[in-house]
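Novice:
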Ligand SMILES: NC(=O)c1ccc[n+]([C@@H]2O[C@H](COP(=O)([O-])OP(=O)(O)OC[C@H]3O[C@@H](n4cnc5c(N)ncnc54)[C@H](O)[C@@H]3O)[C@@H](O)[C@H]2O)c1
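In this note's numbering, the protein residues as written are 3 to 342.
(1) Note the first and the last residue of the continuous alpha helix (DSSP H) segment covering residue 262.
(2) Which one or two residues does DSSP pair with residue 125 in a beta bridge?
(3) Quick one: Cα of residue 73 to Cα of residue 95, how far?
(4) By the 10 Å Cβ neighbour count, where 16 or more other Cβ atoms means buried, how is residue 18 classified, buried or exposed?
(5) Run through the DSSP bridge pairs and tell me what residue 229 is partnered with.
(6) To which residues of the same chain is residue 90 closer than 8 Å at the C-beta, ignoring the five residues directly before and after it?
(7) Among the residues of its own chain, which have a CB less than 7 Å from the CB of residue 81, if the five just before and after it don't count?
(8) Are the segment 142-159 and the segment 108-116 touching by the rule of at least three beta carbon pairs closer than 8 Å?
(9) Quick one: measure Cβ to Cβ for residue 151 and residue 185, integer angstroms, because I've assumed they're closer than 8 Å.
(10) Taking residue 107 and residue 75 to be in contact with their CB atoms under 8 Å, please state how far apart those CB atoms are, rounded to whole angstroms.
(11) Would you mind sorting residue 333 into buried or exposed? The rule is 16 or more other CB atoms within 10 Å of its CB.
(12) In whole angstroms, what is the alpha-carbon distance linking residue 148 and residue 285?
(13) Express the C-alpha separation of residue 208 and residue 201 in angstroms, rounding to a whole number.
(14) Would you report the Cα separation of residue 83 and residue 97, rounded to the nearest angstrom?
(15) Given a threshold of 16 other Cβ atoms within 10 Å of its Cβ, counted over all protein chains shown, does residue 235 qualify as buried or as exposed?
(16) Looking at the strands, I want to know which residues DSSP matches up with residue 218.
(17) By the three-class DSSP mapping on this structure, what secondary structure does residue 143 have?
(18) In chain order, what residues of the same chain have a beta carbon less than 6 Å from the beta carbon of residue 214, not counting five sequence neighbours either side?
(19) Within 10 angstroms of the Cβ of residue 242, are there 16 or more other Cβ atoms? Answer buried if so, exposed if not.
(20) Report the three-state DSSP secondary structure of residue 70 (helix, strand or coil).
(21) For residue 135, which residues in the same chain have their Cβ closer than 7 Å to its Cβ, ignoring the five residues on either side in sequence?
(22) When the Cβ atoms of the segment 285-303 are set against those of the segment 119-128, are three or more pairs found closer than 8 Å?
(23) Would you check whether ligand 1 has a heavy atom nearer than 8 Å to the C-beta of residue 115?
(24) Between residue 216 and residue 224, how many whole angstroms is the CB-CB distance? I'm expecting something under 8 Å.
(25) Buried or exposed, going by whether 16 or more other CB atoms sit within 10 Å of the CB of residue 3?
(26) Below 8 Å on the Cβ atoms is my contact criterion, and I expect residue 177 with residue 324 to pass it. Report the Cβ-Cβ distance as a whole number of Å.
(27) Do residue 180 and ligand 1 come close, with the Cβ less than 8 Å from some heavy atom?
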């Protein structure tokens, strides 16, 4: 039985705790939060009796196999480095850090300690996105040359996550990071990036609209477009809509998880809706299922001794795109993405 500890008992952590509870061979034996009320509520909800206000105290006292960090970004670096000092495998929520330099230091600390590190970058683990990628891998649309990854919503994300309205940076750092990661997952690495940002909602501090064009290393082009300012009648939050044009066919992940595969002669339609887990709640269920999938992957990687797909090292490439997007928007030019 793997013994894990979770740090950060906020809005999203409940998903992680539900998913851990469902997984065979893992138990979250201790939790930590600097906020005593959140700690108590979460401990009571999940029946976890070993509770700590201080993460350092928890890691010193508990016998653990891994740590799962679900706090907001300002605490990520110190907590990952703390886990590394204890030589504990560690999962950390996205965005790994506010700066690329911090993220690089965190990845280096885990590498030096010889412990696996995974970023909780769950969007590419969503069942509909996996289904789309499988069709590409099967060669059904030939070689992809264009893709669009769209997340356009008017959902009030600020209600459950008020800190999102307060940061100087918002949609690229918080949401675009997921969509850029999905773009990498589907279309491969990017060599160039151009981005425009807008702030439509005057009540928030950062940008709530971003339009990004990626030039992929193999010659393909992708558009990543994100908005939290779009008034929509039939809200699709938190669905990512995707189109991929290949030289032999076209693929679309449309509203409500309808996947179409077409060419000049045929059109196939598949329902690729994610399963509704027992603890899940619409409209979050697709995201919640991806949490279960990424955590299963972590357990499998620990058992097999292999690097997680969304390892810290891998995630640096996604963070490089986030960095490039803000730089491009500020400087008004196309950025060559450092292959690092
Ligand atoms: N992957 C996803 O789909 C997804 C979705 C939502 C949020 N997130 C990410 O999850 C993380 C948490 O977001 P949230 O909305 O749950 O935030 P939150 O503010 O609701 O919860 C964070 C919790 O961490 C605690 N905390 C902060 N610093 C701490 C420290 N040093 N030690 C112990 N506890 C500490 C806070 O008291 C709070 O209870 C963020 O990085 C966010 O981007 C990911």
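In this text, a Cβ means the ideal position worked out from N, Cα and C, and glycines have one as well.
Specialist: Quick answer:
(1) No alpha helix (DSSP H) contains residue 262, which is instead part of the beta strand (DSSP E) from 260-264.
(2) In the DSSP output, where bridge partners are listed per residue, residue 125 has none listed.
(3) 7 Å
(4) buried
(5) Partner(s): 154, 211.
(6) 61, 66, 67, 68, 69, 117
(7) 9, 57, 71, 73, listed in sequence order.
(8) no
(9) Approximately 5 Å separates the beta-carbon atoms of residue 151 and residue 185; this is inside 8 Å, confirming the contact.
(10) In fact, because the Cβ distance is near 14 Å, the residues do not count as touching under 8 Å.
(11) exposed
(12) Looking at the two C-alpha atoms, the distance is approximately 29 Å.
(13) 7 Å
(14) 16 Å
(15) exposed
(16) Here residue 218 is bridged, per DSSP, to 192.
(17) Coil, per DSSP.
(18) The answer, listed in chain order, is 197, 226, 327.
(19) buried
(20) strand
(21) 187, 188
(22) yes
(23) no
(24) 4 Å
(25) exposed
(26) 11 Å between Cβ atoms; not a contact.
(27) yes
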